[in-house]
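Visitor: Residue 130 in the working numbering is what sits at position 127 of the sequence shown, and the numbering runs on without skipping anything. Shown below is the structure under consideration.
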Amino acid sequence: MLESATPVTPVTFPPAFLWGAATSAYQIEGAVREDGRTPSIWDTFSHTPGKTAGGDTGDVAVDHYHRYRDDVALMKDLGLGAYRFSISWPRVQPTGRGPAVQRGLDFYRRLVDELLAAGIKPAVTLYHWDLPQ
């Protein structure tokens with residue numbers, strides 16, 4: 004069987020190619036009731052019985068909100084050059100209008116600072132389907 008296998012051709016990327024990873028706030032952050040964050044449309048949906056497999060929610064997710072430093076260290080160990088993350092609207096603007104919540108902005112500021120210190124370029128998605136409820 005191995006004799007008939009197609010040989011693997013190595014793929015090369017240009018020197019300036021940027022390897023990275025991406026996440027969405029709802030799927031990674033957790034901490035849904037901390038620092039002024041209000042429920043999002045995804046919180047409401049996922050807490051509706053029968054809407055998600057096993058009743059899973061983003062309440063804790065992978066707890067990136069508390070473990071972002073460890074997560075960035077893992078990204079650095081993986082050799083990532085970029086990280087695209089989304090900003091949780093309910094975390095920075097809980098009612099969907101009006102002034103931003105400083106504690107929410109501070110989280111993203113700390114995350115960006117940590118990424119830059121690790122030599123990882125941040126890229127931001129401003130909206131990834133998590134409007135305030």
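Where a beta carbon is used, it is the ideal one built from N, C-alpha and C, also for glycine. Owing to the predicted nature of the structure, the values given are computational and were not obtained by experimental measurement.
Give the list of continuous alpha helix (DSSP H) stretches no shorter than 4 residues that lie fully inside the region 82 to 116.
Guide: The qualifying runs are 92 to 95.
Visitor: Can you check the region 17 to 45 for any beta strand (DSSP E) of at least 3 residues that lies completely inside it and give the ranges in chain order?
Guide: As far as the region 17 to 45 is concerned, its whole beta strand (DSSP E) runs of at least 3 residues are 23 to 25.
Visitor: Leu119: which of Gly58, Gly84, Ala103, Ser7 sits nearest, CA to CA?
Guide: Nearest of Gly58, Gly84, Ala103, Ser7 to Leu119, Cα basis: Gly84.
Visitor: Hey, would you say Ala34 sits closer than 8 Å to His69, going by beta carbons?
Guide: Taking 8 Å as the Cβ cut-off, Ala34 and His69 qualify as a contacting pair.
Visitor: Starting from Ala126, trace the beta strand (DSSP E) in both directions and tell me its first and last residue.
Guide: It spans 124 to 128 - the beta strand (DSSP E) in which Ala126 sits, taken as one unbroken run.
Visitor: Does Gly107 pass the burial test, meaning 16 or more other C-beta atoms within 10 Å, or should it be called exposed?
Guide: When all chains shown are included, Gly107 counts as buried.
Visitor: Look at the alpha carbon of Asp49 and the alpha carbon of Thr15, and state the distance between them as a whole number of angstroms.
Guide: The sequence given here has Ser at residue 49, not Asp. Going by the C-alpha atoms only, they are around 41 Å apart.
Visitor: Which word fits Glu32, buried or exposed, when buried means at least 16 other C-beta atoms lie within 10 angstroms of its C-beta?
Guide: Glu32 should be labelled buried.
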